[in-house]
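Q:
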Amino acid sequence: MALTAHPDEARFHYHRGLTLMRLGRFDEAAKAFDSTAKGEPDRQGLRFLQQLTRLAAGRQEVSTDDLSAGEKGQLALLKGVQRGAGEDELASLVEKSMLPPEVQHVWQLLVQMHANSTSAPVTRLPAAVGEAETTINSTVLAYYVGVAAMRKGDEEAARTAWRQASRGLSSPWFLENRAGLLRQAAVALAQEERWQEVLDLSEADLLTDYEDSVLNETVGLANFHLGYTAAEAGLWLPALKHLRAANRHVSDRRLAQDLALAEEANDHWVNAAEAWREMARRRPRKSDHPDYLTDEQVAAIWSHASDCYGHVDEMGEAITCLKNAIKYAPDDLDLRMKLVDVYRYDDRNEAAINELDRILESHPDHVPALMRLAALLDENWYRDPEPIWKRVLRIEPENVEARDALAEIYIERASSHAPNNFLSRLTRRPEKDRIKELLAALEVIPDHPRLFAELGMAYVSTKKMKDARAYLRKAFDAAGRDVGVVGLVLHELLHADGGDDVKELVPQARQFPGLLASFWIEQGDQVLHCELGDEWAKLFWDEALELGHKRRGDDTKAYTLLRIYEVCNTHGEDALAELYEARIREEEPRSGGVEYVDAFHASQSDDSAARNKALRLIRKAQRVAQKAQEPGIEEMADRVEALFSGRMDRVFGLLDRFGPAGLLDILNDMDDEDLDELKHLF
Amino acid sequence: MLDLDHQADEAAIKRAYFQMVRRFPPEREPEKFREIRTAYEQLNDPDRRAVIDLFLLQPPPPMPNRRRPKYDLDVHIEDLILLAAEAAASAMQDDFREVQR
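Line order of the protein sequences matches chains A and B. Residues in the first sequence are numbered from 0 upward in steps of one, following numbering that gives the first Met the number 0. Residues in the second sequence are numbered from 0 upward in steps of one, following numbering that gives the first Met the number 0.
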């Protein structure tokens with residue numbers, strides 16, 4: 000840059016010449032010194048440097064008249080070395096060089112080493128160099144100290160000396176020697192599996208890139224081993240660091256695999272996916288290669304890459320990877336079903352349906368595909384799913400999902416005939432059609448509990464109670480573990496004058512595993528709703544209290560009593576409410592239920608004093624319930640407390656102003672922060 | 000599932016399988032047995048095993064043998080010339096100090 004700005008500046012040419020000499024580019028150095036001479040012909044030492052560069056570049060020398068005696072002496076010595084003079088002659092030339100004694104000593108040792116390839120002055124040379132340091136300070140000397148050490152077999156001393164030399168020397172033999180020495184040291188450590196020391200070696204020698212392929216490979220292998228060891232120990236972060244470093248130096252399928260696993264372990268899912276894809280892309284294509292991958296393996300890699308993208312919702316990439324996987328395993332139905340599921344997850348329902356249609360073209364009896372298709376059609380109203388569900392049942396007659404789905408379709412279809420106006424009720428034609436449809440449905444899906452229950456309800460509508468009871472009992476027997484059907488049957492039997500049936504079936508329903516008190520509370524609630532008689536509500540609630548007594552989950556006796564009490568109040572059944580209130584007070588006085596009931600009574604008044612009292616009482620109910628380990632009652636009290644303390648006012652204000660539909664719109668427009676605040680109200 | 004090293008051979012897989020079946024017989028632990036059986040079938044099938052191995056850590060290869068490098072331990076004339084030049088040039092460090100003045 001300096002020469003570009005000042006092309007005629009002699010000292011810039013001069014220093015450029017020196018630099019070129021150090022790089023071993025003697026011919027260019029000679030030209031640089033010639034340019035210097037044009038501007039500063041009398042520059043001290045220039046003539047000597049010109050002679051030296053000409054000697055090194057094999058150029059014709061110029062006149063030596065301008066040289067000093069010492070410079071002539073050195074030139075003669077160098078010419079002697081160049082023409083291969085013997086050790087004695089060279090020693091004589093050194094003496095005649097008129098160099099300072101300490102420098103002569105250095106030259107003597109160097110010419111000895113040149114003349115005799117076994118000469119290795121490992122002690123004398125460093126000492127001589129030290130003595131001559133103030134006069135001559137050159138990285139060349141550090142290099143030959145290392146050469147002497149190498150001739151003696153002291154590789155460690157050579158490494159130290161050459162490390163020093165690397166700060167200024169870049170001759171090809173030096174660079175080769177240095178790389179070779181490092182390579183040897185690294186390989187020796189690697190063969191002893193001292194992997195960290197291999198890495199420390201390269202750092203100590205200030206290597207930042209490894210042009211030596213063996214050294215490159217060794218450092219890569221060291222990182223690979225360290226990464227693998229860390230990964231096996233579950234230390235995935237250091238493992239990743241080492242495996243990434245290894246990947247910069249080594250190309251190996253096992254490394255690519257471990258690196259991908261390490262990226263996954265560190266939740267770098269996109270990096271992991273790309274590593275897997277890279278592994279698939281760079282795999283060897285020849286089947287006799289040790290790292291060859293079968294089509295099945297390639298498909299598995301692409302599928303796995305898809306999973307990685309799925310972790311971060313990159314569904315477009317996930318789909319691309321799955322399609323690639325399918326190219327390698329077109330008959331793998333699990334893979335194709337996975338693609339369908341990914342399409343569905345990404346709301347690409349048409350694409351999912353198309354893929355399912357393709358699967359079913361070649362595998363028409365593939366039940367999972369049929370079921371997915373039917374469910375999709377059902378959700379999205381593209382086509383009628385009924386034929387698909389029927390196909391499933393032809394292959395698997397007991398398929399529960401297909402049976403239930405078809406039952407829903409037929410029930411809905413039959414319900415469209417249910418009486419909905421005065422005339423239709425008068426004629427009863429629609430009910431007959433409904434029954435006919437349901438009976439036809441039973442031909443397709445025999446013994447379906449929901450169909451039996453619907454038939455029972457249809458016969459109740461037509462007042463054919465005997466038939467109604469018969470079908471309802473069939474529904475009960477076919478219900479299996481369907482608690483919903485059981486509850487429906489017990490209720491509808493009461494509509495069908497089936498009180499005796501209910502009494503007979505309740506003990507059987509009791510045996511259902513996992514039945515909670517809320518089931519029976521709900522039954523009682525429905526009895527009151529339909530005004531079927533208090534005695535039935537009490538029958539069901541006795542069952543609830545029996546379960547509460549057993550303390551299953553949050554279902555305690557006190558909690559059950561309180562919920563029943565609330566149901567009674569909801570229906571305005573004051574007598575019943577009093578009955579259960581009395582039971583709470585007598586049987587569970589320290590549950591928090593008493594305070595809850597008192598709070599309810601206080602809240603019936605409009606004045607603010609009563610409202611405050613209600614608030615105090617409900618807070619007491621919270622504390623008592625917590626102390627009594629009644630989580631159900633505590634939760635009920637929490638909700639009421641929120642209401643009494645006015646935190647719900649905002650929501651009710653909105654409800655009052657905008658109505659339910661308007662409130663729903665507002666809720667849909669709320670951002671996460673608003674929703675969090677709203678949640679606190681509950 | 001079978002508590003095996005990922006380089007286990009066929010004999011080791013079989014041994015591990017039978018050991019697990021003795022611990023979780025089908026009549027007592029049907030669910031667990033099914034899992035064990037599935038794992039065994041996957042490992043026993045070379046193609047399926049090859050797929051499983053794709054997603055397990057793979058040990059790195061050992062260090063291959065390398066020949067000892069050859070060193071050039073001659074004294075080169077170019078280095079001696081450079082030495083002489085550096086000695087001569089070391090008296091010329093004043094160039095840039097002149098500039099600063």
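Just so you know, even glycine gets a beta-carbon here, dropped at the ideal spot from N, CA and C.
#1: What residues from chain A crowd round B:ALA87, counting only those whose CB sits closer than 7 Å?
#2: With DSSP collapsed to three states, give me the class of A:ARG551.
#3: What residue does the alpha helix (DSSP H) around A:HIS5 start on, and which one ends it?
#4: Check each candidate in A:LEU616, A:ARG589, A:GLY592, A:SER590 and name the one with the smallest Cα separation from A:ALA601.
#5: Could you confirm whether any beta carbon from chain B is found closer than 8 Å to the beta carbon of A:ARG622?
#6: Nearest chain A C-beta to B:PRO59 closer than 8 Å, yes or no?
#7: Against chain B, with Cβ distances strictly below 8 Å, would A:THR293 count as a contact?
#8: Going by DSSP in three states, A:SER91 sits in which element: helix, strand or coil?
#9: Taking the alpha-carbon positions, what's the A:LEU225 to B:LEU42 distance?
#10: How would you list, in chain order, the residues of chain B whose beta-carbon sits under 8 Å from the beta-carbon of A:ILE135?
#11: Shortest alpha-carbon distance to A:ARG449 belongs to which of A:GLU430, A:ARG433, A:PRO429, A:LYS473?
#12: Quick test of your reading: A:VAL505 and A:GLU534, contact by CB under 8 Å. State the CB separation rounded to the nearest angstrom.
#13: Hey, how far is the Cα of A:ILE408 from the Cα of A:GLU385?
#14: Please tell me whether A:VAL146 has its Cβ less than 8 Å away from any Cβ of chain B.
#15: Counting only C-beta atoms, is A:ASP290 closer than 8 Å to chain B at any point?
#16: Determine the extent of the alpha helix (DSSP H) in which A:HIS528 is found, giving its start and end residues.
#17: Which residue wins for smallest C-alpha separation from A:HIS113, given the options A:ALA84, A:ALA127, A:GLY498?
#18: Excluding the five sequence neighbours on either side, which residues of its own chain have a C-beta within less than 8 Å of the C-beta of A:LYS431, listed in chain order?
#19: Are any of the Cβ atoms in chain A nearer than 8 Å to that of B:VAL54?
#20: Pick from A:LYS463, A:GLY479, A:HIS528, A:PHE511: whose alpha carbon is nearest that of A:GLY497?
#21: List the whole-angstrom C-beta distance separating A:GLU94 from A:GLN81, where the pair is believed to meet the contact cut-off of C-beta under 8 Å.
#22: Residues in its own chain within less than 6 Å of A:ASP466 by CB, not counting five upstream and five downstream?
#23: With C-beta atoms as the reference, is A:THR299 less than 8 Å away from B:LEU56?
#24: Within this structure, are the beta carbons of A:VAL735 and A:PRO125 separated by less than 8 Å?
#25: Within 8 Å, do at least three Cβ pairs link the segment 503 to 520 of chain A to the segment 537 to 552 of chain A?
#26: For the putative contact between A:ARG182 and A:ASP211, defined by C-beta atoms under 8 Å, what is the C-beta separation to the nearest angstrom?
#27: Which class does A:THR426 belong to by DSSP, given the choice of helix, strand or coil?
#28: Near A:ILE352, what residues of its chain come up, given a Cβ to Cβ distance below 7 Å and the 5 sequence neighbours on each side ignored?
#29: Under three-state DSSP, which class holds A:GLY645?
#30: With a cut-off of 8 Å, does the C-beta of A:HIS362 fall near any C-beta of chain B?
#31: Helix, strand or coil for A:ILE135? Go by DSSP, reduced to three states.
#32: Enumerate in chain order the residues of its own chain whose CB-to-CB distance from A:LEU684 is below 8 Å, with the five nearest sequence positions on each side excluded.
#33: Excluding sequence positions up to five away, which residues of its chain have a Cβ less than 7 Å from the Cβ of A:TRP235?
#34: Taking the straight line between their C-alpha atoms, what separation do you get for A:VAL146 and A:ALA119?
#35: Would you check if there are 3 or more beta carbon pairs closer than 8 Å linking the segment 432 to 451 of chain A to the segment 394 to 410 of chain A?
#36: Tell me where the alpha helix (DSSP H) around B:ASN43 begins and ends.
A: Straight from the coordinates:
#1: GLY44, PHE47, LEU48
#2: strand
#3: No alpha helix (DSSP H) contains A:HIS5, which DSSP labels as neither H nor E.
#4: A:LEU616
#5: no
#6: yes
#7: yes
#8: helix
#9: 28 Å
#10: LEU82, GLU85, ALA86, SER89
#11: A:LYS473
#12: Rounded, the Cβ-Cβ distance is 13 Å, inconsistent with contact.
#13: 8 Å
#14: yes
#15: no
#16: 516 to 528
#17: Checked all of A:ALA84, A:ALA127, A:GLY498; the closest Cα to A:HIS113 is A:ALA84.
#18: THR461
#19: Just to set this straight, residue 54 of chain B is Phe in the shown sequence, not Val. Interface residue, yes.
#20: A:LYS463
#21: Incorrect: roughly 19 Å between the Cβ atoms, too far for contact.
#22: Closer than 6 Å at the Cβ level, and outside the excluded window around A:ASP466, lie TYR458.
#23: The sequence as given places Ala at residue 299 of chain A; Thr does not occur at that position. No.
#24: Only positions 0 to 681 of chain A appear in the structure, and residue 735 of chain A is not among them; the question remains open.
#25: yes
#26: Rounded, the Cβ-Cβ distance is 6 Å, consistent with contact.
#27: In this prediction, A:THR426 has a pLDDT of 49, which is less than 50 and means its spatial position is unreliable; what the coordinates show is noted afterwards. Residue state, collapsed to three classes: helix.
#28: LEU372, LEU375, TYR381
#29: coil
#30: no
#31: Reduced to three states, the DSSP call for A:ILE135 is coil.
#32: Only positions 0 to 681 of chain A appear in the structure, and residue 684 of chain A is not among them; the question remains open.
#33: If we look at A:TRP235 and ignore the five residues flanking it on each side, its Cβ neighbours are ALA261, ALA264, ASN265.
#34: Cα to Cα, A:VAL146 sits roughly 8 Å from A:ALA119.
#35: yes
#36: Counting along the chain, the alpha helix (DSSP H) containing B:ASN43 begins and ends at 29 to 43.
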